[in-house]
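What follows is a short report on a single structure.
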Amino acid sequence: MSIVEKRFLNVLECIQKMGPVRQIDVARELNLSLMTVNKIVNRLLEKELVVISGKYQGGMGRSSNLFILNPDKFLSIGIDINDERMVVSGVKPDGSIVAVKKYEINNEKGTFKSGDGVLDSLEEGFKKFCTENDIDISKVAVIGIAPEGIIDSDSGRCILGTHLGGIYNLNIKKSMEEKIGVPVFVDDPARSLAYYENKLGDGKNKKNFIYIYLGKGIGSGIFINGKIYRGYKGIAGEIGHLITMDKGGKRCRCGNYGCLETIASEESIISQAKSGIIDGVYTRLLDFCGGDLEKIDLLALRRAVEENDKFSINILEHAGTHLGRAVAQLVNIFNPELILLGGPGCVLGKYLIEPVVRVVNNEALNLVKERTQIKIARYEEWQDSVSIGVEAFDVMFDFTYKDYTDFHELLLKQSLRE
């Protein structure tokens, strides 16, 4: 690749990550002359890879154009999947949503005992989504997949599908690329949500923060000095499998006992509520789910707590206390400026965050005046799929990733190598 081509790709990457952005800011970021950037941007405009999104109003009435990647030129498909449902989103480069669809998975305790079941469901869901939304698969630049399990984001493998029927060491990236012929990026939902929050949400402009995902499992995305931390083999952040939370506790899907996930995950909290009712504990919890034990969910628990149901209060206090101990450890180790609690567990609101904050205040080091801020993130069910779609697209435009050189070559062919 020539120097001219490398500069071209670097400018395109910079506009994607920084946009809306001025040419002069791109020049400063890449240490290039303004004239060089101007020539490249004009070429990108000519080929409709970038567009002008508005004006930057400077001093003395001066203004300059702001540039973004053309949102109508590329499309990313994000897929969030567990053993009960799959959510698929179409996402543009600026993070705007084209469409979102939820598909229930007919999983009769066996569908995902083999990796083929997962792959077949992913392929079927992707193609069905494209058909229903009149999306030309040839226009899809990348597919982002966020399976609920322990994920090696570097290789695109699901090392252990803790919430995908226990599948083991499945190379989702390679397999799906062979099935569909579109580049694929795979990451853990917690890390992709952290990435989304850093780009578009409450973590924007935060260089050191942690996003904790509270769903069927518990995970985290850790940002250090403005970059997501993945660890040696791409699986950093698995705080749900801290094993000192409850010595002699329940067996976790990961194989250990007493993990945080067995106490404070959505699945575990609901399981504790059901077990208590079966054992005859007095509670009004069933009043908030139509008297149906199987319809107990986090919202029903919250409503019961709001009505001062002692049993429900104790469950959330127990979960929040143990989660708080895990958060206190993270605060001591990473010293983040912000902890975001996200995922489906957000519905519990203050009834979850209050015990967390109390424990952190008691157990985390208190050596600085300004303490770590802890807050509930805004969360909707579509967010997991949109987040992985946004992250996957940015990875495609990170030209240090050798796995996507075919895409980079296509960009060069479309714009420079006529």
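Each residue of the sequence shown is one higher than the last, beginning at 33 in my numbering.
Note that the Cβ used here is the ideal one computed from N, Cα and C, for glycine as well.
Item: Which residue or residues does DSSP assign as beta-bridge partners of residue 190?; Value: 183 and 202
Item: Whole angstroms is fine: what's the gap from residue 182's alpha carbon to residue 199's?; Value: 10 Å
Item: Can you say whether residue 437 is buried or exposed, counting buried as having 16 or more other CB atoms within 10 angstroms of its CB?; Value: exposed
Item: One question on the structure: do residue 98 and residue 88 come within less than 8 Å of each other, judged by their Cβ atoms?; Value: yes
Item: Under 8 Å, with one C-beta from each stretch per pair, do the region 36 to 43 and the region 68 to 85 reach the 3-pair mark?; Value: yes
Item: Taking Cβ to Cβ, would you say residue 175 is nearer than 8 Å to residue 153?; Value: no
Item: Taking the alpha-carbon of residue 132 as reference, which of 318, 351, 167 and 102 has the nearest alpha-carbon?; Value: 167
Item: Beta-carbon within less than 6 Å of residue 171's beta-carbon, same chain only, minus the 5 sequence neighbours each way: which residues are those?; Value: 107
Item: I'd like to know whether the C-beta atoms of residue 329 and residue 262 end up nearer to each other than 8 Å.; Value: no
Item: So does the region 376 to 385 actually touch the region 188 to 204, counting three or more Cβ pairs closer than 8 Å?; Value: no
Item: Tell me which residues share the same chain as residue 151 and place their Cβ nearer than 8 Å to its Cβ, disregarding the 5 neighbours each side in the sequence.; Value: 202, 204, 207, 208 and 211
Item: In terms of residue numbering, what span does the beta strand (DSSP E) encompassing residue 122 cover?; Value: 117 to 123
Item: Would you report the Cα separation of residue 307 and residue 301, rounded to the nearest angstrom?; Value: 10 Å
Item: Residue 153 by DSSP, collapsed to three states: which one?; Value: helix
Item: Between which residues of its own chain and residue 46 is the CB-CB distance below 8 Å, once the five residues before and five after are set aside?; Value: 53, 58, 61 and 62
Item: Would you list the one or two residues that DSSP bridges to residue 218?; Value: 177
Item: I need the boundaries of the beta strand (DSSP E) containing residue 371, first residue and last residue.; Value: 370 to 374
Item: Which residues mark the beginning and the end of the beta strand (DSSP E) in which residue 266 is found?; Value: Where residue 266 is concerned, there is no enclosing beta strand (DSSP E), given that its DSSP letter is neither H nor E.
Item: Looking only at C-alpha atoms, which of 396, 100 and 296 sits nearest to residue 366?; Value: 396
Item: Alpha carbon to alpha carbon, how far is residue 351 from residue 526? Give it in angstroms, no decimals.; Value: For residue 526 there is no data in the structure shown, the boundaries of the chain being 33 and 450.
Item: On the premise that residue 169 lies in contact with residue 214, defined as a C-beta separation below 8 Å, what is that separation, rounded to the nearest angstrom?; Value: 7 Å
Item: What do you get for residue 267, buried or exposed, if any count of 16 or more other CB atoms within 10 angstroms of its CB means buried?; Value: buried
Item: Tell me the residue span of the alpha helix (DSSP H) that contains residue 61.; Value: 55 to 62
Item: Please give me, in chain order, every unbroken run of the alpha helix (DSSP H) with length at least 4 that falls completely inside the region 288 to 322.; Value: 293 to 296 and 298 to 310
Item: Hey, could you find the ends of the beta strand (DSSP E) residue 245 is sitting in?; Value: 241 to 246
Item: Quick one, are the C-beta atoms of residue 325 and residue 343 less than 8 Å apart?; Value: no
Item: Name, in chain order, the residues that DSSP records as bridge partners for residue 160.; Value: Answer by DSSP bridge pairing: none, since residue 160 is not bridged.
Item: Is it true that the region 215 to 222 meets the region 243 to 256, where meeting means three or more beta-carbon pairs spaced less than 8 Å apart?; Value: yes
Item: In angstroms, rounded to a whole number, what distance separates the CA positions of residue 141 and residue 299?; Value: For residue 141, the predicted structure reports a pLDDT of 49, less than 50, and the residue's modelled location is therefore unreliable. The matter cannot be settled from this model.
Item: Could you check where the alpha helix (DSSP H) with residue 23 kicks off and where it finishes?; Value: The requested residue 23 is not part of the displayed model; the chain covers only 33 to 450.
Item: Quick check on residue 84: buried or exposed, where buried means 16 or more other Cβ atoms within 10 Å of its Cβ?; Value: exposed
Item: Shortest alpha-carbon distance to residue 430 belongs to which of 33, 44, 34 and 36?; Value: 44
Item: Under a three-way DSSP split, which group does residue 256 fall into?; Value: strand
Item: With a floor of 4 residues, list each alpha helix (DSSP H) that falls wholly inside the region 333 to 409, ordered by position along the chain.; Value: 342 to 366 and 382 to 395
Item: Below 7 Å, is the gap between the Cβ of residue 308 and the nearest heavy atom of the ligand PLP?; Value: Judged by which ligands are present, the structure shown has none, so any question about the ligand PLP falls away.
Item: Would you list the residues sitting across from residue 251 in a DSSP beta bridge?; Value: 245
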